[in-house]
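A quick write-up on the structure given underneath.
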Amino acid sequence: MSRLENLFKAQSKRVLNVYCTAGYPNLNSTLQIMESLQENGANIIELGMPYSDPLADGEVIQSSSLHALSNGMTLQVLFEQLSEMRKTIHIPLVLMGYMNPILQYGFEAFCVRAKEVGVDGLILPDLPLYEFENIYGKTIKDNGLDFIFLVTPETPEERLRKLDSLSSGFLYAVSSSATTGKDKDFSQVAIYLERLQQMNLKNPILVGFGIKDKLSFDAVNEFTNGAIIGSAYINALSKGEDVGVITKQFLNEVLGN
Amino acid sequence: MQAFNTQVNYQNPSIEGYYGEFGGAYIPEMLFKNVETLKAEYLKIMEEPTFIAEVDALLKDYVGRPTPLFYAERLSKEIGANIYLKREDLCHTGAHKINNTIGQIVLAKRLGKTKIIAETGAGQHGVATATVCALKGMECVVYMGEKDIERQAPNVARMKMLGAKVVPAKSGSKTLKDATNEAIRAWINEPNETHYIIGSVVGPHPYPDMVARFQSVISKEMRLQLKEKLGNELPTHVVACVGGGSNAAGAFYHFLNEPTVALVAVEAAGHGVYSGLSAATTQLGTHGILHGSKSIVMQTSDGQVVEPHSISAGLDYPGIGPLHAFLYESKRGTFLSATDEEALASAFHISQIEGIIPALETAHAFSVLPKLGLKPTDVVVVCLSGRGDKDLATYMEHL
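Chains as they are written, first to last, in our numbering: chain A, 227 to 483; chain B, 881 to 1279.
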């Protein structure tokens, strides 16, 4: 059973997935941030693999990505940093990123190496369903990695069921059709999440895009298994103080500790 | 790993938008509905008789088509072959870009859209988009790199005068690549009422095919005009400059499946292909994904997209349309390049022997003519994609 499966078996509510960009704010802060997230109550870590042209991301994550790239982050460096992480990190880790850097690394080599260092799943927003089914999906599954598709309020039901059936670990519900880091009208989001809840999908659902604090975290938890926070945490990290202190403060606020 | 089926008809990508292994739609789920609707509707709409009639009427009476096919006598004598110029520079707004924006605005209306967004590099596509939005009463927002806004001030003024809002793209290199990223993000954030008019044969399927079809009027007219002038529809060579590749796609389109016609694409070599300041994508790029399609992309070994360089903002792009990537790899097309310096020299030379000031982009196409080994019997059509007014500031530095 995968780490993600185990997590949702043990905890079906208020699962918190926190996103951070690998190599941000410093090239070598990745592991320290992961440890701090684990220590302060995050249930899943979503590590962004920085890319020069991140289409699905808003300004905050874009600029952290460019920062990380100029710090010298690459997939090689990231895998080196992660090679010993399972000695201290016990919660699930998913990698989020775009197809192009992975294709240059070699898709299969990437999956093999990710599994080797203890990565649990992948979120690749620009890997389309057709290409997943015809080429890449098999490599991902053969290497024992979970794959998490995104769904939006505009995703038609039939397609949504298909994306759910091909996903494992969890399903990533984008709160509205938007890039990351935009404020959302949560009454609209609630209607959508209630609809998702009633569909009895195979996978647990985590909501992302627009979740930034206790209020928004609590709001979406009414209908789903938890949420993903990204831009708000990167914003907090950008203040430039000690990442341990920032992470503790940030998670205490979101979780209401 | 399994490859996609290769296909031999260059005019029609596969149902999923592949030309050989290039193309596809590598887009986030947030764009799925918009792109899927477009994919389901574009061919149907483009084949409706009322749509064809409306677009044809606008191309004739508003754009000024057909554009002339001009026999360039002095240039022909000098090169030692028969050189014809397809005068896209005489289109309304001064370049071929409007062929596509006319088609897409009529299509956007039929899709029930009320707002148009576009990206632009040199500003030609931005102006062509702002123009058709004014014509059809649509709200228009154009994304343009901050750096390009500075170096293409007259086109920025034109767009504003036409009622468009020009939004600076401040991320990355602040040029065309980043303007395209910003336009795609804007589309993600407002998908329902907005249509995105991409200016080149790039982006997710169906854009490369749709834009190529709207630009194909260029080669459709060439065939008729050659038949009329020479009694033979087929030239020996068609030559066009390539950034993303829209004028080349249009100029090649009706010759793609005519193996006797050499298709010559000219990329911008900047300071020299291997100088580190170049935009010669097929020479420097590797297979990759940029702006939603698989193609040839200038990138680092880590898969980060690199900044190209060209004196012409319209060719300053680190990718190339998937059709062109396929023409390059299948060797159906011949890909050459011209440096900044060669393009400048050609711009002055063509101005002085033919009385036509070409755009800097177009000037690249002229630079390769002496290198083609042409014979006196050869019939060569150069796509004169745009006029040089917008480049006067650059030209004035070299007077």
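A virtual CB, placed ideally from N, CA and C, is assigned to each residue, including glycine. Quick caveat: nothing in here was measured; it's all calculated off a predicted structure.
Item	Value
Span of the alpha helix (DSSP H), counted from its first residue to its last, around residue 1228 of chain B	1220-1234
CB contact below 8 Å: residue 327 of chain A versus chain B	yes
Contact list for the stretch 898-912 of chain B against chain A, Cβ threshold 9 Å	904, 905, 906, 907, 908, 909, 910, 911, 912
Interface positions of the stretch 376-387 of chain A facing chain B (Cβ-Cβ less than 9 Å), listed along the chain	376, 377, 378, 380, 381, 382, 385
Residue range of the unbroken alpha helix (DSSP H) whose run includes residue 229 of chain A	229-236
Inter-residue spacing [alpha-carbon to alpha-carbon] between residue 974 of chain B and residue 1005 of chain B	10 Å
Cβ-heavy atom distance, residue 1019 of chain B to the ligand ZN, below 7 Å	This structure lacks the ligand ZN; in fact it carries no ligand of any kind.
Interface residues of the stretch 1134-1168 of chain B facing chain A [CB-CB below 9 Å]	1166, 1167, 1168
Closer than 8 Å to chain B by CB, residue 505 of chain A	Examination of residue 505 of chain A is not possible in this model, given that chain A is present from 227 through 483 alone.
Whole runs of the alpha helix (DSSP H) within the stretch 410-469 of chain A, excluding any shorter than 4 residues	412-424, 440-447, 457-463
Per-residue burial, residue 1175 of chain B [other beta carbons within 10 Å of its own, 16 or more giving buried]	buried
Range of the contiguous beta strand (DSSP E) that encloses residue 1109 of chain B	No beta strand (DSSP E) holds residue 1109 of chain B; the alpha helix (DSSP H) holding it covers 1097-1110.
Residue 471 of chain A - DSSP class collapsed to helix/strand/coil	helix
Cutoff 7 Å; reference residue 323 of chain A; Cβ partners in own chain excluding five residues on either side	274, 275, 277, 350
The stretch 1095-1112 of chain B / the stretch 1024-1039 of chain B touching (three or more Cβ pairs under 8 Å)	no
Check whether residue 378 of chain A and residue 419 of chain A have beta carbons under 8 Å apart	no
Through-space distance from residue 339 of chain A to residue 313 of chain A, alpha-carbon basis	17 Å
Contact with chain B by residue 418 of chain A, beta-carbon distance below 8 Å	no
Alpha-carbon spacing of residue 1052 of chain B relative to residue 1254 of chain B, whole angstroms	42 Å
Cβ neighbour criterion (16 or more within 10 Å) applied to residue 316 of chain A	exposed
Rounded separation between residue 920 of chain B and residue 1076 of chain B - CA only	16 Å
Start and end residues, alpha helix (DSSP H) containing residue 1031 of chain B	1026-1031
is_contact[residue 893 of chain B, chain A] using C-beta, thresh 8 Å	no
Contact check, residue 899 of chain B vs residue 1202 of chain B, beta carbons under 8 Å	yes
Beta-carbon gap between residue 394 of chain A and residue 436 of chain A smaller than 8 Å	no
8 Å Cβ cutoff, residue 1051 of chain B in contact with chain A	yes
Interface residues of the stretch 439-459 of chain A facing chain B [CB-CB below 7 Å]	none
First and last residue of the uninterrupted beta strand (DSSP E) at residue 964 of chain B	962-967
Burial state of residue 1127 of chain B, where buried means 16 or more other Cβ atoms lie within 10 Å	buried
Check whether residue 902 of chain B and residue 1206 of chain B have beta carbons under 8 Å apart	yes
CB contact below 8 Å: residue 321 of chain A versus chain B	no
Within chain B, the residues that residue 288 of chain A reaches when beta carbons sit closer than 8 Å	1051
Amino acids of chain A, ordered along the chain, whose beta-carbon sits closer than 7 Å to that of residue 1088 of chain B	Those within 7 Å of residue 1088 of chain B in chain A number zero; the least Cβ separation is about 15 Å.
Contacting positions in the stretch 1190-1203 of chain B - beta carbon closer than 9 Å to chain A	none
Beta-bridge partners of residue 1020 of chain B, as assigned by DSSP	B:996
Within chain A, the residues that residue 1021 of chain B reaches when beta carbons sit closer than 8 Å	Within 8 Å Cβ-Cβ: nothing; residue 1021 of chain B doesn't reach chain A, min ~16 Å.
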